[in-house]
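K.L.:
Numbering (full-length UniProt numbering), first residue to last: 1 to 111.
Now the structure itself:
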């Protein structure tokens, strides 16, 4: 049940604190809040920036879950484990490279 419905389980009254902590995880972000935000915003067009917006969706979910951005102000998110929203220049080609989540390989991110 912990993997199937972690948000619902976390919100149940009487769940022991150690179970709640295990559900949240210890990865630098709160997995329950990440999933809660994703469930509430899966169809939110207000966060769209590009046509295929899955990287921005993941970045925003991680941000709402408490993960701090990791990126260089000089190279953006080009390193293998960097992520963040970056600066939006208004130039689509630059912004597309500076707006990625977890990796630049696409949206194959597991939580």
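Even glycine gets a Cβ: it sits at the ideal position worked out from N, Cα and C. Only a predicted model underlies this, so the values are computations on that prediction, with no experimental measurement involved.
#1: So, using beta-carbon positions, are residue 9 and residue 1 closer together than 8 angstroms?
#2: Is the region 55-65 touching the region 34-45, taking contact as three or more C-beta pairs under 8 angstroms?
#3: I need the straight-line Cα distance from residue 14 to residue 29, nearest angstrom please.
#4: Could you tell me the alpha carbon to alpha carbon distance between residue 58 and residue 45, rounded to whole angstroms?
#5: In terms of residues, what are the limits of the alpha helix (DSSP H) holding residue 43?
#6: Mark residue 4 as exposed unless 16 or more other C-beta atoms lie within 10 angstroms of its C-beta, in which case mark it buried.
#7: Nearest CA to the CA of residue 66: which residue from 49, 20 and 84?
#8: Given a cut-off of 8 angstroms, decide if residue 49 and residue 41 are closer than it, judged by their beta-carbon atoms.
P.N.:
Concretely, from the data shown:
#1: In the chain shown, counting from the first residue as 1, residue 9 sits at position 9. In the chain shown, counting from the first residue as 1, residue 1 sits at position 1. Contact: yes.
#2: Three or more Cβ pairs drawn from the region 55-65 and the region 34-45 lie within less than 8 angstroms of each other, which places the two stretches in contact.
#3: Taking the first residue of the chain shown as 1, we reach residue 14 at position 14. Taking the first residue of the chain shown as 1, we reach residue 29 at position 29. Taking the Cα positions, residue 14 is about 24 angstroms away from residue 29.
#4: Here residue 58 refers to the residue found at position 58 of the chain shown. Here residue 45 refers to the residue found at position 45 of the chain shown. Their Cα atoms are separated by approximately 14 angstroms.
#5: For this step, residue 43 is matched to residue 43 along the chain shown. First-last for residue 43: undefined, no H or E at that position.
#6: Sequence index remark: in the chain shown, residue 4 carries index 4 (1-based). With fewer than 16 other Cβ atoms within 10 Å, it is exposed.
#7: Along the chain shown, one-based indexing puts residue 66 at 66. Comparing Cα-Cα distances from residue 66 to each of 49, 20 and 84, the minimum goes to 84.
#8: Along the chain shown, one-based indexing puts residue 41 at 41. Along the chain shown, one-based indexing puts residue 49 at 49. No. Outside cutoff.
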